[in-house]
Structures are given as C-alpha cells and as structure tokens.
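Engineer:
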Amino acid sequence: MEYITSARAAELNAAARMRALGYVDATATPIGPDGGIDVVATSAVAQVKWEASQTGRPHLQRFYGAAAVRADVADMLFINSAGYSRDAVAYADRVTIALFTYSPLGELTAVNSTAEAIIVRHAEAERKAQATYRANERLAHAKGQGARDTDQLQTVAIAKADRSAPTSVLRTTNYVDRPKDQRTPEERTEARLAWEAKHLRKPKNLSTAPVLLDSNERAAIRAYRKLYYSGTAMKDSAALSCLRNDSGTAESIGAVVTLAVGGAVSTWFWLVGDSGWWLTLRVVAVLIALSTVTVAAMLWSVRSNAKRYKRLVAKYGDRTPDYIRRNTNALDFL
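Residue numbers (the UniProt record's numbering): 1 to 334.
1) Between which residues of its own chain and A117 is the CB-CB distance below 6 Å, once the five residues before and five after are set aside?
2) Would A28 and A15 qualify as a contact pair, given that the criterion is a beta-carbon distance under 8 Å?
3) Look at the alpha carbon of V40 and the alpha carbon of E137, and state the distance between them as a whole number of angstroms.
4) Just the C-alpha distance for P104 and A110, rounded to the nearest angstrom, thanks.
5) Where S301 and L139 are concerned, what is the direct C-alpha to C-alpha distance, given to the nearest angstrom?
6) Applying the criterion that 16 or more other CB atoms from any shown protein chain within 10 Å of the CB defines a buried residue, is Q182 buried or exposed?
7) Which residues bound the beta strand (DSSP E) around Y64?
8) Whole-angstrom Cβ separation of V48 and I79, contact assumed at under 8 Å?
9) Residues in its own chain within less than 7 Å of A52 by CB, not counting five upstream and five downstream?
10) Whose C-alpha, out of R70, Y91 and V69, is nearest the C-alpha of T114?
11) Using the three-state DSSP reduction, which class does L21 fall into: helix, strand or coil?
12) Can you tell me where the beta strand (DSSP E) holding D75 begins and where it ends?
13) Bridge partners of V45, per DSSP?
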C-alpha cells in the first residue's frame, strides 16, 4: 500500500477499506461537489477528511444532515487522519456515526463504540462464512463417501425396525419424502445416533450385515467396543452405585464375615484347642489384620467411586445417571 498523499487518495483508500468491511459496492464519489458524501454503498455512506487538524462537532453535524436524507442508509462512517475532539466523539455516539482514523498507509482504526461494532459484525460474518464453507466441504465429502453404500443402506433414521423380515430396511418418519443425500447434516447425524442408540442389533461379525450398517456405523461400533473393553462403562456403573449408597456393600459383608469367622476360630482355639493362649493370640492378630485390610479396601472403593462420580457430574450434570445407564446397557448389543 502506497502512502496517502492527497484527499483523492484518501477517498479511494476509504472505499477500499469499506469494501473489506463488508460494504462490497462501496465506491468513491466522482471528483467535484459531492454534498458532503465521499463514499457511497448500498447501506452506508462515508465522509473522508485529509487534514492535519482534529475534526470537530460541526463537521459531524453537517455530515449527519447530508446522510440523514438518504432513506436507505444504515451506517454512517466518518474517516479522517487527525482524530476527533471530545465533543465530536460524544455527538457521534449519540447519533451513531462510526468514527475511524487512518494511518499514512491507509489502515483504519476504530475510535468509538459504533465503529468497533461494525468491525465486530464484519468479523462475525467472516467467521460464519468460513464455518459454512467448511461445513459444505465436509458435506460434499460425506456425500461422496456415502455414495458407495447407497445400494446397501437406503435409509438410516429415527424409526422402528420392521422385524417381520430378517433383512428389513428401516423406514424414516421425519425425512421419508427426501432422499438420504438431500438431508441436512444435523438430520443425518440425528438419524445415525438414533440408530446406534436404539435399534442396533449387530451380529458378531460386522461383515455379515451389509444391509444394516454403513461404514460410519461400523466405525461407531468399533469405538463403542474400545470404550467398554477398557472398563470405562463398568467404572461409571460403580460410580452410579456409589451415588445410590450401595457401593461397598460386598466389602462390608466381607469384613463382617471375616470378623465373625475370626471370633469363632479364636473361641475354638481358646476353649477346645490345646495349643495354648499364645497361638490363639497370634490367630486373632492375623484375623484382625485381614479385617483391617478388607475395611480399608472398602473405604478406598467408596472414595474412588465418589471421586469418579463427581467428575462425571461436572461433565454431564443432571444427565449423569442417564449417561451411565445408557453406556452400561449398550453392552447388551455390543
């Protein structure tokens, strides 16, 4: 970018900067009388000053009068090179004029909140446009990937399977009138998750069910298997049991039984046995040690399950019991 050395260069630079801010048809007005408007766009107008002194309130008032007569104007921008007086900034805030300054290289800097809002709005629009572009790219890739399975899997959606035939194809309820490749990404995701969570009855060998499963669902099954074979679902189930105050019941029973057996053996040694009180005392000590270890294991189990459940609550909130129940029940068809 070349240095701005004239008022006309400042106007052309302002038009280019406005196009970069989303005013795609911003154009500098021709040289000559312009009625106080230097740049015109469909929904915005701007005045540009190439001066060495600050812009005061009177300049903004004249600009506002010139812009207010245009019914289609949504944004009013004032761009100068030397800044603004306090009265000018206060007036601009009141009538929502966006104030900018530009550097010798033409870079714009927002001066008031109205100008900052325009920059934020443009950045948000850019972010949404990029997200839409990436989503369309992923959708196009998914369509190409799923085209190979179209002959085998015609519809996968929220529905009840017609179990009267062993190779029945699921029929959709919400998307029945649209082909699979015309559904939105959200509908495809919802359908796949519903199929996996509610209606999946998968044989042991994935390759024996080409009609019921596509490549995405096979990948989901492998992920489920990895989760449950690692023991995560079992640990979560134990954490839920801790919430219901029945965790550690087996350990408690074991401790009581150990103490009872120890007492019985000690009594037998003392009353019936002929080995003397010293051997009896040693047996009692061993049994007490075993009971202590059992109780310690019980307390450790309760404590670890409670910690794990707290982590689950922090992650899933009120849905934690449903999460654990769903994952544990998934073992039925994995």
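All C-beta atoms, glycine included, are put in the ideal place defined by N, C-alpha and C.
Just so we're clear, the structure is a prediction, and the values are computed from it rather than from any experiment.
Structural biologist: Well, looking at it:
1) None.
2) Cβ distance < 8 Å, so A28 and A15 count as in contact.
3) Each residue's alpha carbon lies about 35 Å from the other.
4) Their Cα atoms are separated by approximately 15 Å.
5) Looking at the two C-alpha atoms, the distance is approximately 47 Å.
6) Label assigned to Q182: exposed.
7) Unbroken run through Y64 is the alpha helix (DSSP H), R57 to A68; no beta strand (DSSP E).
8) The beta-carbon separation of V48 and I79, rounded to 5 Å, stays under the 8 Å limit for a contact.
9) Within the same chain, A52 has close Cβ partners A82.
10) Of all alpha-carbon atoms in R70, Y91 and V69, the one lying nearest the alpha-carbon of T114 is that of Y91.
11) Here L21 sits in coil by DSSP.
12) Segment D75 to N80, the beta strand (DSSP E) holding D75.
13) BP columns for V45 point to V40 and M76.
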